[in-house]
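Novice:
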Amino acid sequence: MSALRLISNRTSQQALSNSDYTWEYEYYEYGPVSFEGLKAHKYSIVIGFWVGLAVFVIFMFFVLTLLTKTGTPHQENTESSEKRFRMNSFVADFGRPLESERVFSRQLAEESRSLFHFCINEVEHLDKAQPSQKRPDLESNIHFQEVSRSSGTLEEDLNCLTKFNIPNFVNTEQNCSLGEDDLLISEPPRVSESKMAMPSSHRILD
Amino acid sequence: KNITDFSLNITDCNQVVVPEEVFFTVAAAGILENLLVLVAVIRNKNLHLPMYFFICSLAISDMLGSLYKTLENIFIILCKMGYLTRRGDFEKKLDDAMDSMFILSLLGSIFSLLAIAADRYITIFYALRYHNIMTLRRALVILTIIWTFCAGSSIAIALFSHEIATVIPFTILFPLMMFFILCLYIHMFLLARSHAKKIASLPTSAVHQRTNMKGAITLTIFLGVFLCCWAPFVLHILLARFCPHNPYCACYMSIFHVNGALIMCNAIIDPMIFAFRSPELRSTFKKMFCCAR
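Shown next as structure tokens:
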């Protein structure tokens, strides 16, 4: 970059030669820099900067890994009825403050809970109002419902979830298949089909 | 190559030189890769979604950065061969234009990353209203606003680069945006963890640790790559403004071309961690290459 031009235009301390503007890789046009009497190594800023950057990235990685600790596998109740599990555990467990979330405020859990509540209300609404009508788009988007509903496909669903990847939440493909990068919520349902959901959504999410 | 014109005290920190071939190769690879992403998104109708438009915006800003470096190298070669004078007016204007292209690339990258993070955030937390909130038209309007702002700022910064008032906001913007993007992703992460916790409570749950580790790795790669590629250059600008005569600062500034090469490597890595993760985009690529044969 022509940062060399930026610097040389500005400085007025040293007596510059005529070549204060050049295309070459020459850099030290703003005068001599004396390297006598250096206490530390001359590349200390370079080394310090890169070491600091590496430490910061590793620290960030450890913080994120700590965030992902989900606790012991059997800490949740294991009822026999799947439906009861689906409804009760979603609501009840979020009422419990998560132990490892001391750092983050309660509001984060609240917001997550609101989304779950909405999804639960969604399914309840559908089950009550139109039991016979199949809503593949909406239901297929709420994968943990499917997981709890069909224990036979539990293994494959869990395997799909293990491959979840934060960036690719939205699955743009029309068929809602559990691809490698899908997360739980793959594609938001179309507007026309969620008209029934609107009242509850506005109540919960707003 | 790094002999100065006039006599100086001998500086121990000589300019670290990166061969021009390396620059050209890295820049060409970056431009080609991002161009491929753009072509794939344009050709496939399924990819005309806000998410992919933001990824395209990132690809454009990466392309601008690599293009800038390529043009600069070409001009240096032309100067050496004598086709261009060093002190002409035309060259100065060209230099200004190229500086602003580079700053545009940096600002475009930052804002595109921010837009991608915000889009994913809305997808997670406002999932069922996503199509209402983020329509195609709104996404295009947002992109227009971002690029207009970046273009204006880059021209202003290039023209007034010697003022402190431009350098300080420029260098504050960088960590601020990074921090904001990190907060968005952490919030998304927490929700994903809650989901995973629910699934983990089912009988077979040995796999959940692997799941979450992958998420942490992905996020670290995102932000780590951006930091490692852009932060050296931002620090360089700070040091050049505030302590150009300090020997330690001078030694840091001698690796300037390595920092430039890092920015071009960022242009190569970004499509891999954003665009190529989408199965739809990958299948579009395969179709493009299979049809071309």
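Line by line, the protein sequences are chains A and B. The opening residue of the first sequence carries number 200 in this note's numbering; numbering runs sequentially from there. The opening residue of the second sequence carries number 126 in this note's numbering; numbering runs sequentially from there. Yeah, the Cβ is synthetic: ideal placement off N, Cα and C, and Gly gets one too.
What separation, rounded to the nearest whole angstrom, lies between the Cα atoms of F178/B and S234/B?
Specialist: 13 Å
Novice: Looking at chain A, is there any beta carbon in it that lies within less than 8 Å of the beta carbon of P372/B?
Specialist: It does: the Cβ of P372/B has a partner Cβ on chain A nearer than 8 Å.
Novice: Skipping 5 residues on each side, what residues in its chain have a beta carbon closer than 7 Å to that of F285/B?
Specialist: T291
Novice: Going by C-alpha distance, which of C415/B, C416/B, E405/B, F414/B is nearest K170/B?
Specialist: Ranking the options by Cα distance to K170/B, first place goes to E405/B.
Novice: Report the rounded CA-to-CA distance for K238/A versus F347/B, giving the unit in angstroms.
Specialist: 37 Å
Novice: Between P300/B and L252/A, what straight-line distance do the alpha-carbon atoms span, to the nearest angstrom?
Specialist: 13 Å
Novice: Going by the beta-carbon positions, is the gap between V166/B and L172/B smaller than 8 Å?
Specialist: yes
Novice: Below 6 Å CB to CB, which residues in the same chain sit around T273/B once its five sequence neighbours on both sides are set aside?
Specialist: none
Novice: In terms of alpha-carbon separation, which member of K339/B, T296/B, L261/B, I398/B lies closest to F367/B?
Specialist: T296/B
Novice: Would you say L163/B reaches chain A, if we count a Cβ-Cβ gap shorter than 8 Å as a contact?
Specialist: no
Novice: Just the chain B side, please: which residues come within less than 8 Å of V245/A by C-beta, in chain order?
Specialist: C376, Y377, I380
Novice: List the residues of chain A whose Cβ lies closer than 8 Å to the Cβ of T345/B, in chain order.
Specialist: Neighbours of T345/B on chain A, chain order: V256, M259, F260, L263.
Novice: Exposed or buried, what is V142/B when buried is set at 16 or more other beta-carbons lying within 10 Å of its beta-carbon?
Specialist: So V142/B counts as exposed.
Novice: Going by C-alpha to C-alpha distance, which of A392/B, S408/B, M413/B sits closest to K194/B?
Specialist: A392/B
Novice: Let me know if T432/B comes out buried or exposed under the rule of 16 or more other beta-carbons within 10 Å of its beta-carbon.
Specialist: Since the first residue of chain B shown is 126 and the last is 418, residue 432/B is not available in this structure.
Novice: What is the residue span of the alpha helix (DSSP H) that K241/A lies within?
Specialist: Looking at the DSSP string, K241/A is not in any alpha helix (DSSP H), and its letter there is neither H nor E.
Novice: Buried or exposed for E146/B, please, with buried defined as at least 16 other CB atoms from any protein chain shown within 10 angstroms of its CB.
Specialist: exposed
Novice: DSSP on H256/B, reduced to helix/strand/coil?
Specialist: helix
Novice: Determine the direct distance from the alpha carbon of I388/B to that of T210/B, and round the result to whole angstroms.
Specialist: 28 Å
Novice: Cβ of G349/B less than 8 Å from any chain A Cβ?
Specialist: yes
Novice: Put I380/B into one of helix, strand or coil per three-state DSSP.
Specialist: coil
Novice: Report yes or no: is there a C-beta of chain A within less than 8 Å of the C-beta of V314/B?
Specialist: This sequence places Phe at residue 314/B; Val is not what is there. Closer than 8 Å: yes.
Novice: Alpha carbon to alpha carbon, how far is A184/B from F215/B?
Specialist: 30 Å
Novice: Please confirm whether M413/B has its beta-carbon closer than 8 Å to some beta-carbon of chain A.
Specialist: Interface with chain A (8 Å Cβ-Cβ cutoff): M413/B is excluded.
Novice: Could you give the distance in angstroms between the alpha-carbon of S403/B and the alpha-carbon of K411/B?
Specialist: 13 Å
Novice: Rounded to whole angstroms, what is the Cα-Cα separation between K218/B and A281/B?
Specialist: 14 Å
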